[in-house]
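As structure tokens, the structure follows; a few thoughts come after it.
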Amino acid sequence: MAGYGKIIPVMKKENLILTISTIALGLFVGMSSLFLSLFLTFIEEGFLHFKETPLRPIITGSPNDARLFSVFIGGIIAAVIWWILRTKVKPPVTIGKGLAGENMPAVQTILHVMTQIFYVGTGGSIGRELAPREAGAMIAQKWNNLLNRLHWGRLSKDDVALLIASAAGAGFAGVYNAPMTGMFFCVEVLFKKISIRSVCVSLPMSVIAALVSSSVRGTEPYYLVGKAQFEPKFLWIAIFISLLCGIVGALFRKSFTWAESVKPDNYHILWQLPLLSLITGLISINFPQIMGNGRALAQFSISTTGRNFLLVLLLGAVAKYAVTVFTIRAGAFGGTLTPSVAIGAAIGAFIGIFIFPYVGVPIWQCALLGGCSLLAASQQAPLMALFMVFEVCHLNSMALIPLGMGVAISVAISRVVLRKVM
0 MAGYGKIIPV
10 MKKENLILTI
20 STIALGLFVG
30 MSSLFLSLFL
40 TFIEEGFLHF
50 KETPLRPIIT
60 GSPNDARLFS
70 VFIGGIIAAV
80 IWWILRTKVK
90 PPVTIGKGLA
100 GENMPAVQTI
110 LHVMTQIFYV
120 GTGGSIGREL
130 APREAGAMIA
140 QKWNNLLNRL
150 HWGRLSKDDV
160 ALLIASAAGA
170 GFAGVYNAPM
180 TGMFFCVEVL
190 FKKISIRSVC
200 VSLPMSVIAA
210 LVSSSVRGTE
220 PYYLVGKAQF
230 EPKFLWIAIF
240 ISLLCGIVGA
250 LFRKSFTWAE
260 SVKPDNYHIL
270 WQLPLLSLIT
280 GLISINFPQI
290 MGNGRALAQF
300 SISTTGRNFL
310 LVLLLGAVAK
320 YAVTVFTIRA
330 GAFGGTLTPS
340 VAIGAAIGAF
350 IGIFIFPYVG
360 VPIWQCALLG
370 GCSLLAASQQ
380 APLMALFMVF
390 EVCHLNSMAL
400 IPLGMGVAIS
410 VAISRVVLRK
420 VM
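Residue 307 in numbering that gives the first Met the number 0 is what sits at position 308 of the sequence shown, and the numbering runs on without skipping anything.
As structure tokens, then:
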């Protein structure tokens with residue numbers, strides 16, 4: 000027994016602190032994601048009078064003016080809050096700046112995060128996934144500050160950045176019950192370093208966050224898809240869909256990057272965002288799928304069965320693209336992941352309807368491939384995109400082959416397009 004300690008060395012103090020932090024942040028971020036999910040449900044029920052489910056991802060059967068007034072009033076309230084946050088107090092800090100060491104003020108970040116969820120809940124055309132990521136990053140930063148104040152140990156600058164990036168990914172995992180996606184968002188998009196250390200921190204944190212949130216919200220899939228297996232003949236169709244979605248995804252990335260760079264940081268948000276919200280509401284009178292983060296349009300595309308919907312899919316993709324970009328341009332904050340899936344799914348379903356009579360490939364598979372490919376291109380994150388669609392749809396392993404090929408092609412062509420238009 001005397002040599003036992005030499006065989007199994009005692010865990011280094013910094014590794015012990017990192018392990019404890021991983022577990023603690025997984026719990027805290029999971030609770031944060033759960034709260035934001037419940038808050039979204041509360042806003043949807045209060046403003047739109049419906050409860051979002053996979054079978055009913057958007058409000059239907061209600062008076063048209065209910066949707067119009069919901070998003071319009073939501074736009075006015077959100078505009079006022081964001082105007083105050085941008086001009087009257089120290090503004091919220093982005094995740095990128097938080098990773099670089101800039102302090103993320105707690106009160107402003109919480110208000111900023113909740114306003115994003117509020118606006119999406121009233122029908123604003125923007126992704127909801129940025130909010131839990133920002134909340135997770137802020138929680139991790141405050142946790143590190145607590146460690147330093149209590150003198151429990153000081154982590155290296157690289158480990159602090161890893162915790163913040165992991166917590167941001169765990170925020171996504173908690174909302175969508177997608178731990179692999181949360182891990183890949185950390186190592187591929189934010190931390191940009193895939194190593195044993197980064198995976199051993201980010202993956203367990205995302206798993207814990209997902210378990211905490213799903214213990215209350217359940218584990219049902221985010222998108223409902225068919226049961227048919229992906230067949231080899233689909234690979235040829237996947238090439239064409241992913242090429243097209245790679246091009247559109249690159250343009251979408253360029254568009255929302257431009258929108259972010261020119262959004263108002265003064266009183267102009269007080270009229271621009273309500274105006275865009277009014278436009279969103281007017282479109283929703285005849286096409287309610289335009290509202291929200293894109294789940295409704297994506298599910299509509301996945302469930303499409305015939306040529307009667309060709310024009311609707313085409314107009315839906317164009318409208319979601321334009322309204323999302325100009326919502327960001329008008330001053331809104333939010334994600335672009337789920338809007339990317341929605342646009343790509345509509346394009347994929349559009350193509351699938353044409354080819355179905357000739358090859359018999361299910362339209363939902365084309366929609367799914369389109370959503371996954373456009374997401375990968377718009378975010379320049381192939382692994383994150385692949386596993387996001389895989390996890391939220393509860394697919395089997397055979398789906399990884401066509402989706403993986405589509406993601407690879409779309410990212411490759413998107414980088415060529417981005418070099419041409421940058």
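Think of the CB as a built atom: it goes at the ideal place given N, C-alpha and C, for glycine as much as any other residue.
In this text, all values refer to a predicted model and were calculated from it rather than measured experimentally.
Note on geometry: alpha-carbon atoms of Ala65 and His111 lie some 25 angstroms from one another.
Between Arg55 and the set Ile342, Val88, Gly291, the nearest pair of CA atoms involves Gly291. Within the region 201-232, not a single complete beta strand (DSSP E) segment reaches 3 residues in length.
Look at Gly330 here: in three-state DSSP terms it is coil, with no helix or strand label. The Cβ atoms of Pro131 and Gly173 lie closer than 8 angstroms to each other. Separation of Ala329 and Asn63 (C-alpha to C-alpha, rounded to the nearest whole angstrom) is 24 angstroms. With the rule of 3 Cβ pairs closer than 8 angstroms, the region 213-233 does not count as touching the region 247-260. Membership of Arg66 in the alpha helix (DSSP H) is indicated by the continuous run 63-86.
Asp157: member of the alpha helix (DSSP H) spanning 156-175, first to last residue. In this structure, DSSP gives Gly126 an extended state, which the three-state scheme calls strand. Contact check for Val360 against Gly351 passes: the beta carbons are separated by less than 8 angstroms. In the DSSP annotation of this structure, the continuous segment of the alpha helix (DSSP H) that includes Arg414 starts and ends at 399-420. Rounded to the nearest angstrom, the gap between the Cα atoms of Pro178 and Cys392 is 13 angstroms. Scanning Ser396, Ala348, Arg414 for the CA closest to the CA of Gln378 turns up Arg414.
DSSP places Asn147 in the helix class (H, G or I) of the three-state scheme. An exposed status is given to Asp157, since fewer than 16 other beta-carbon atoms sit within 10 Å of its beta-carbon. Distances from the CA of Ser276 to each of Phe27, Ile75, Ala169 were compared; the closest alpha carbon is that of Ile75.
Here Leu243 has Ile346 as same chain residues with Cβ atoms under 7 angstroms from its own Cβ, once five neighbours each way along the sequence are excluded.
When secondary structure is reduced to three states using DSSP, Arg132 falls in the helix class.
Counting C-beta atoms within 10 angstroms of its own C-beta, Leu15 has fewer than 16 neighbours from the protein chains shown and is therefore classed as exposed. In this structure, DSSP gives Ser276 a helical state, which the three-state scheme calls helix. Asn144 is the residue among Gly25, Asn144, Val70 whose C-alpha sits nearest the C-alpha of Asn102. Secondary structure at Ser300: helix, using DSSP grouped into helix, strand and coil.
Boundaries of the alpha helix (DSSP H) harbouring Phe349: 336-358, taken from the DSSP string.
Going by beta carbons, Gly170 and Gly126 fall outside the 8 angstroms limit.
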